[in-house]
Structure formats: structure tokens, C-alpha cells
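Q: There's a structure below that I have some questions on.
Chains as they are written, first to last, in the numbering used here: chain A, 6 to 363; chain B, 6 to 363.
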């Protein structure tokens with residue numbers, strides 16, 4: 006059983022294939038490669054598991070592989086240089102294709118490398134973590150981090166296609182499975198209340214890696230994200246809703262140092278904080294906030310700031326986030342469960358209360 | 006007297022202002038800056054001459070400046086990091102504007118930094134070398150070099166406007182003036198025979214920095230380039246003609262090490278080689294080749310390979326150039342004076358003869 010979802014972006018439209026054992030179906034991949042040169046980009050965790058298998062799909066191509074160190078802390082301009090080094094060393098030409106085989110970090114870096122190499126070559130996403138499958142591989146945001154801010158250097162650049170092979174989730178560590186579920190819950194919270202209900206019924210199925218439940222959750226997540234991105238590719242409006250929990254979350258990641266908490270974990274805590282602040286603004290009831298935190302806790306996700314970050318540190322870190330505009334702080338909050346809302350400069354004393362400050 | 010030329014690229018269209026003392030007319034600049042934060046990017050040669058003056062145009066803005074080391078050898082991903090460092094350190098937001106004040110290297114790097122910072126912010130070009138004024142500030146090619154190839158990492162990204170203040174040419178070293186003239190001659194050779202005739206009449210005026218002649222030559226060059234770029238922004242066809250002399254030239258620059266020869270000098274030698282090869286293919290007469298080399302020599306430009314590069318080295322270097330496609334070597338040659346032509350895989354023995362090989 007394979008699902009195909011189209012991301013509608015005019016001439017930059019592309020399909021997402023979702024199903025079991027897509028790495029065993031080379032004919033899909035072949036359709037989206039035009040030249041004869043393919044560079045695989047993966048990381049030290051994923052490459053030993055899937056790279057050889059993936060490469061057997063393309064016997065008649067020049068294939069090289071760049072294996073990056075694993076972790077958000079390596080999502081840097083410097084490590085990106087390794088991809089350019091390989092492309093140049095092996096004389097990759099303008100019509101080559103880069104394929105990202107790994108999680109969100111690999112996908113973001115490969116996409117950005119493809120956007121920049123010779124001012125733009127093709128790329129394909131083969132996300133192998135749940136988080137990458139439901140979030141970072143959809144929508145064309147690519148880039149790297151800077152020591153002073155996450156995803157500060159990058160490009161909007163769309164892949165030719167995305168292959169989500171759900172079999173790759175079998176080897177995913179539990180903690181990363183939960184991190185992916187955080188982004189799945191997000192879609193329910195910002196725009197899809199029936200899906201939120203489904204998640205409340207099926208959380209244990211997801212944690213038990215039931216293939217049918219995973220496929221459904223991935224499809225619904227990608228559909229929600231694709232609809233938003235099709236409406237607002239470059240984040241001038243509604244796309245900002247996808248940042249629910251992210252301004253809080255980025256501050257956590259920057260404050261702790263990249264890679265200490267997983268991105269999805271930081272987003273989970275951020276979503277709980279957004280729900281708390283929404284309640285303080287009178288938009289959510291206490292019961293609704295509890296529904297959010299209960300679901301996140303069942304997914305084994307954090308719902309509070311890490312103890313090592315003070316609320317004051319946190320406020321300072323949030324001020325550097327990209328979502329700040331002309332000195333304004335822009336947050337995504339919840340008008341109701343299933344209804345995200347962009348809020349500029351929420352009342353400072355309420356934000357401080359959410360952070361445990363007076 | 007100010008000339009305005011529009012580069013027609015749909016929603017990415019922008020104007021080029023050409024005239025004396027545009028740095029004394031802040032109202033032009035103001036029209037194209039929307040936020041309150043401006044980052045100037047310049048280099049160690051140009052900043053002492055013009056940066057302070059330029060900054061007085063924007064008294065009501067947050068202004069910082071990044072002063073890069075001067076030279077093609079610093080057009081690297083690593084040096085680009087200095088621009089990102091400054092942007093993050095001073096908390097530049099998504100609606101900030103980067104302004105390039107300098108030559109082609111500063112323009113290419115600033116444009117690329119603007120393309121990548123927060124996935125794209127505004128930028129403005131204030132080119133201060135003749136080469137940047139007639140070439141690199143028009144058309145949206147931005148990027149940096151890699152040790153294994155020139156301009157291999159970059160983006161197509163258009164400025165909001167270009168300000169060509171011809172007064173800045175007063176301080177330009179003679180050698181750089183000549184390098185700029187190389188690109189001016191190129192437009193005559195590939196598509197504008199009347200302009201080639203004008204250049205043959207006015208070469209000494211240009212070398213003597215006659216303001217009227219310089220303005221005319223810059224305007225005609227930008228017009229030619231803008232017409233080509235409007236037709237083919239992403240170089241799928243006719244834009245390749247602008248690479249006359251460049252495949253040869255890039256090989257010279259890579260072979261000698263960036264910065265030993267100026268870009269325009271390498272292009273001049275490359276154009277002479279392209280003319281020679283065109284003659285060997287029967288397209289130009291010996292007299293026409295002499296017309297080309299005579300004009301370049303009058304502009305005090307080289308018309309031969311540097312002595313330290315062997316023809317064999319040279320062939321190898323050309324194979325890494327971006328214009329290679331599926332293993333084919335793509336060169337721009339001259340079907341006639343004023344008529345450029347894209348040629349894939351010219352007869353190898355004729356190319357070898359042009360390089361002085363058997």
C-alpha cells in the first residue's frame with residue numbers, strides 16, 4: 006500500500022510517496038533523476054543501516070556518498086563544506102542530483118547544498134526519521150544553524166520528490182520516535198481537530214510502531230503541511246502557524262546547545278508553553294491545556310522548560326529568533342484547540358508568568 | 006546627468022542608476038530600503054575611500070559595516086561567515102537590507118549572504134569598480150569560490166536596485182580599469198558590432214577616464230547585459246553568451262591561484278583564445294582576430310595564456326568548469342564579430358592548437 010500526496014507549488018510542485026519498502030522500488034526514484042551523477046548525503050547513524058541498500062537502486066549512475074556526523078550540532082556552514090568538497094572533487098555537474106538519506110539535519114543540509122551548488126541542482130529527500138517524514142522534508146525550508154541562531158542561513162528550495170519508506174522507522178530510537186510525534190501533534194493543534202482526536206485514540210499504536218497507524222499519521226501530517234505550504238510558500242502569512250512551539254523551542258535548543266534536546270522535544274515543551282500562554286490570554290480553558298500536556302506526556306515528551314535555563318535567559322534567547330520583526334516578538338498561540346493564531350507582542354507580564362517570572 | 010536602466014525580470018525587476026555623484030543623492034537609496042537596519046559590506050581598499058560618505062546618507066538607520074579583505078582569494082565560504090556573524094551579532098532581522106560597496110567580489114558575496122540570511126533579505130549594489138559596474142552587479146549571479154572551482158557555490162538573487170556612481174572610478178587603479186574594459190569589449194564581440202566600433206574609436210578616452218565616455222560605455226554594457234538576462238535569467242540558453250572568454254579565463258584564474266590575474270585580465274586572454282579558435286574553425290578571418298587582439302592590447306590587457314600554465318594543465322582545469330555538462334565541454338566562440346555562438350565539444354585538435362599543443 007503506497008500513498009502519493011502532491012505538494013502544489015506551480016512549477017515547483019512535487020510528490021511525496023509514503024509506504025513500506027519504497028527503498029525496494031527503484032522505479033520511483035528513477036523517474037526523478039535526469040543526469041547520470043548522484044550524490045548521497047547521509048549520516049554516521051543512518052548510512053550503515055540503509056546506504057548500501059539505497060545505492061543498489063541506481064546501478065547505472067555515478068554514485069558517491071558523503072557521510073556527515075550525526076546531530077543538530079553539526080548542522081553548520083563548516084560541515085556543509087564537506088558536501089561541496091565531495092561534489093567538486095568528483096566533478097559533479099550542473100545536472101547532477103543530491104539525495105538526502107537521513108533525518109531533518111541531513112535533509113536541511115542536503116537541500117541547502119543543492120540550492121547553492123552551481124547556483125542550484127536537483128535534490129530528492131529520503132527521510133528516515135519520523136520528524137523528517139512529517140515535517141522537514143515537506144515545504145522546502147533548507148539551511149544550517151549559526152552559533153547565534155538556528156536555521157539562520159538557508160534557502161527556500163524544493164525537492165524533486167520525497168520518498169517516505171516507513172520501514173526505516175523500525176530502527177528509529179524511541180526518543181526520536183517521540184520527537185517526531187511532537188510535530189504530528191502540532192498539526193492537530195493548529196488546524197485539524199479531528200486529527201487531534203485520532204491521535205488521542207491512537208497514541209499507543211504510534212508508540213508501538215503499528216505500520217498502518219504510522220502511515221496514516223504521516224499522511225495526515227504531510228497533507229496538513231502541504232496545504233499550508235501551497236498557500237504560503239515563503240512564509241508571508243499562514244505558514245507561520247507551523248511555528249507553533251518553535252520560537253520557544255528554538256530558544257531552548259540555542260540555550261542548551263544544539264543536540265542536547267532533540268528538536269521535537271524542544272517543540273513539545275514550546276507547544277505546552279504556547280498552550281499555557283493561550284490560557285492566560287483567556288483563549289484556552291484549563292482542561293484544554295491539560296488535554297495538550299496529557300497527550301504530549303503520553304508521547305513521552307517534555308512539557309516544561311529545562312531546569313538549567315532561567316526564564317530571563319530564555320527571554321533574551323527568544324529575541325534573536327527569526328520570527329522577531331522590527332523588534333516585535335511574534336509567537337504562534339492557540340485561539341482554540343485546532344485553531345492556531347499569529348500573535349505579535351503578547352502581553353509581557355503574561356509571557357513572563359508562562360516562563361515562571363514575575 | 007543620470008541614466009536609469011530597468012532590468013526586466015517580472016516581480017524581480019530592478020533599476021540601475023548610472024551617473025556622477027550618486028553617493029551624494031540619498032533620496033535614491035531611501036526609495037529601496039524598507040526596514041530600519043542596513044548592513045554595509047565593503048573591503049579594506051574601498052571602505053576607507055567611500056564608506057563614511059555612504060553611511061552619512063542614512064542617518065536614521067541602524068548601520069553596521071563588515072570590511073572584508075580585498076581580493077578574489079577571499080571570496081570563500083569562510084570569509085562569507087564574517088557577514089553572517091555581523092548580522093547575527095547585531096540582531097539583524099528579516100526585513101533588513103545589505104548594501105554591497107565595492108567591486109565584483111564584494112557584490113557577489115553580499116548578494117549571496119542576502120540570499121541566504123534568514124532564507125533571503127533585501128540587498129542593494131553600489132559597485133565601485135568598472136568591472137562590477139558593467140558586469141557583476143547586473144544579472145543576479147551571486148556566490149563564492151571553492152578551492153576546486155570558481156563561483157561553484159551561490160544563488161541567483163536579484164538586488165532591489167544598483168547605484169553606479171561614476172565618481173568612484175577616479176580612484177580605481179589603472180590595472181582594474183583595464184580589467185573592466187575587458188568585459189565591456191565582450192558585449193561588442195558577442196552581440197553589438199556598433200558598440201565594438203565605438204570602442205575602437207574611444208578606447209583612449211576610456212583609459213583617460215573621460216566621464217562622458219565612461220558613462221556611455223557603462224550604459225551600453227548594462228543595457229546589453231540586461232537584455233540578455235531578461236531573456237534568460239537562469240542561463241538555460243542565450244545567457245551563456247556572456248561567458249565569452251570565461252571558460253578559458255576561469256581555468257587561468259584557478260590555475261594561477263585566485264587573485265594573481267584579475268578576472269578581467271583572464272577574460273581578455275580567454276576572449277583572444279576564443280577568437281583564435283573561432284578562426285581555426287573558419288568563422289573569423291585573420292584580420293578579424295587581429296581586430297580583437299589589437300583592441301585588447303590597446304586596453305593594456307593580456308591576449309595569451311600566462312607563461313607559467315602549460316596547455317595540458319589548462320585542458321584539465323577547463324574540465325572542472327561549470328559550463329561542462331554531461332562530460333561535454335561548452336565554449337562560447339564567435340561566428341562573426343558581434344555574433345557569439347555556443348559550441349559544445351569543439352574539435353579537440355583545433356582546441357589543442359589554440360593552446361599551443363599538438
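The beta-carbon is built from N, C-alpha and C at its ideal position, and this holds for glycine as well.
Would you call residue 209 of chain B buried or exposed, if buried means 16 or more other Cβ atoms sit within 10 Å of its Cβ?
A: Exposed, by the Cβ-count rule.
Q: Measure the alpha-carbon distance for residue 17 of chain A versus residue 129 of chain B and round it to whole angstroms.
A: Going from the Cα of residue 17 of chain A to the Cα of residue 129 of chain B covers about 27 Å.
Q: Measure the C-alpha to C-alpha separation of residue 14 of chain A and residue 195 of chain A and round it to an integer number of angstroms.
A: The straight-line gap from Cα to Cα measures roughly 22 Å.
Q: If we ignore side chains and look at the alpha-carbon of each, how far apart do residue 71 of chain A and residue 91 of chain A end up?
A: Distance between the alpha carbons of residue 71 of chain A and residue 91 of chain A is about 7 Å.
Q: Could you list which residues in chain B have their beta carbon closer than 8 Å to that of residue 89 of chain A, in chain order?
A: Chain B residues near residue 89 of chain A: 82, 151, 157 and 158.
Q: With 9 Å set as the bound, which would you pick, yes or no: does the beta-carbon of residue 246 of chain A sit closer than that to a beta-carbon of chain B?
A: By this cut-off, residue 246 of chain A is not an interface position.
Q: Is the Cβ of residue 324 of chain A closer than 9 Å to any Cβ of chain B?
A: With 9 Å as the cut-off, residue 324 of chain A counts as an interface residue toward chain B.
Q: Residues in the segment 112-137 of chain A with C-beta within 9 Å of chain B's C-beta atoms, listed in sequence order?
A: Against chain B - using a Cβ distance shorter than 9 Å - the residues of the segment 112-137 of chain A are 117, 118, 120, 121, 122, 123, 124 and 125.
Q: Would you report the Cα separation of residue 111 of chain B and residue 46 of chain B, rounded to the nearest angstrom?
A: Near 7 Å, if we compare the C-alpha coordinates of residue 46 of chain B and residue 111 of chain B.
Q: Which one or two residues does DSSP pair with residue 102 of chain A in a beta bridge?
A: Partner(s): A/43 and A/127.
Q: Measure the beta-carbon distance from residue 85 of chain B to residue 118 of chain B and round it to whole angstroms, keeping in mind my assumption that it falls under 8 Å.
A: Right, the Cβ-Cβ distance comes to about 6 Å (below 8 Å), so this counts as a contact.
Q: Are three or more beta carbon pairs between the segment 151-159 of chain A and the segment 122-141 of chain A nearer than 8 Å?
A: Flag = no, the segment 151-159 of chain A and the segment 122-141 of chain A do not touch.
Q: How far does the beta strand (DSSP E) with residue 150 of chain A in it reach, from first residue to last?
A: Taken as a continuous stretch (DSSP letters only), the beta strand (DSSP E) holding residue 150 of chain A covers 146-151.
Q: In its own chain, which residues sit with a C-beta less than 7 Å from the C-beta of residue 229 of chain B, not counting the 5 before and 5 after it?
A: Cβ within range, chain order: 192, 196 and 197.
Q: Please name the residue or residues paired with residue 7 of chain B in a DSSP beta bridge.
A: Answer is B/24.
Q: Determine the direct distance from the alpha carbon of residue 170 of chain B to that of residue 221 of chain B, and round the result to whole angstroms.
A: The straight-line gap from Cα to Cα measures roughly 13 Å.
Q: Using the Cβ count rule (16 or more neighbours within 10 Å means buried), how would you classify residue 113 of chain B?
A: Per the 10 Å Cβ criterion, buried.
Q: At least one CB of chain E closer than 9 Å to the CB of residue 146 of chain B: is that the case?
A: In the structure shown, chain E cannot be found, because the protein chains are A and B.
Q: With a cut-off of 8 Å on the beta carbons, I'd call residue 165 of chain B and residue 207 of chain B a contact; round off their distance for me.
A: About 32 Å separates the two Cβ atoms, so there is no contact after all.
Q: Thinking C-alpha only, which one of A/20, A/24 and A/19 is nearest residue 6 of chain A?
A: Looking at the Cα atoms, A/24 is the closest of the given residues.
Q: Compute the distance between the beta-carbons of residue 174 of chain A and residue 225 of chain A, then report whether it is under 9 Å.
A: It is not a contact, given that the beta carbons lie outside the stated cut-off.
Q: For residue 162 of chain A and residue 35 of chain A, what's the separation of their Cα atoms in angstroms?
A: C-alpha separation (whole angstroms): 21 Å.
Q: Can you pull the chain A neighbours of residue 254 of chain B, defined as C-beta to C-beta under 9 Å?
A: In chain order: nothing, as chain A lies at least about 17 Å away.
Q: Using a 10 Å radius around the Cβ and a threshold of 16 neighbouring Cβ atoms, would you call residue 307 of chain A buried or exposed?
A: Buried, because 16 or more other Cβ atoms sit within 10 Å of the Cβ of residue 307 of chain A.
Q: Would you mind sorting residue 95 of chain A into buried or exposed? The rule is 16 or more other CB atoms within 10 Å of its CB.
A: Exposed, because fewer than 16 other Cβ atoms sit within 10 Å of the Cβ of residue 95 of chain A.
Q: Output yes or no for whether 9 Å exceeds the beta carbon distance between residue 150 of chain A and residue 77 of chain A.
A: Yes, the pair counts as a contact, with Cβ atoms nearer than the cut-off.
Q: Say whether chain B places a C-beta atom closer than 9 Å to the C-beta of residue 250 of chain A.
A: Taking Cβ atoms only, chain B never reaches closer than 9 Å to residue 250 of chain A, which makes this a no.
Q: Strictly below 7 Å CB to CB, what residues from chain A border residue 94 of chain B?
A: Near residue 94 of chain B (Cβ distances below 7 Å), the residues of chain A are 153.
Q: Taking residue 121 of chain B as the reference, which of B/106, B/102, B/136 and B/107 has the closest Cα?
A: Answer by Cα proximity: B/102.
Q: Among B/22, B/217 and B/38, whose alpha-carbon lies nearest the alpha-carbon of residue 142 of chain B?
A: Answer by Cα proximity: B/22.
Q: Rounded to the nearest angstrom, what separates residue 238 of chain A and residue 145 of chain A at their Cα positions?
A: Near 8 Å, if we compare the C-alpha coordinates of residue 145 of chain A and residue 238 of chain A.
Q: Thinking residue 12 of chain A and residue 284 of chain A are a contact (beta carbons under 8 Å), I'd like their distance in whole angstroms, please.
A: Contact flag wrong, Cβ pair sits at about 34 Å.
Q: Check whether chain B comes within 9 Å of residue 296 of chain A, counting only Cβ atoms and requiring the distance to be less than that.
A: No, no contact with chain B.
Q: Alpha carbons only, please: which of B/99, B/62 and B/316 is nearest the one belonging to residue 39 of chain B?
A: Among B/99, B/62 and B/316, the Cα nearest to that of residue 39 of chain B belongs to B/99.
Q: Quick one: what's got a C-beta closer than 7 Å to residue 322 of chain B's C-beta in the same chain, skipping five residues either side?
A: If we look at residue 322 of chain B and ignore the five residues flanking it on each side, its Cβ neighbours are 256, 259 and 260.
Q: Which residues in the same chain have their Cβ closer than 7 Å to the Cβ of residue 218 of chain A, if we skip the five residues on either side of it in sequence?
A: Hits under 7 Å: 207, 210 and 211.
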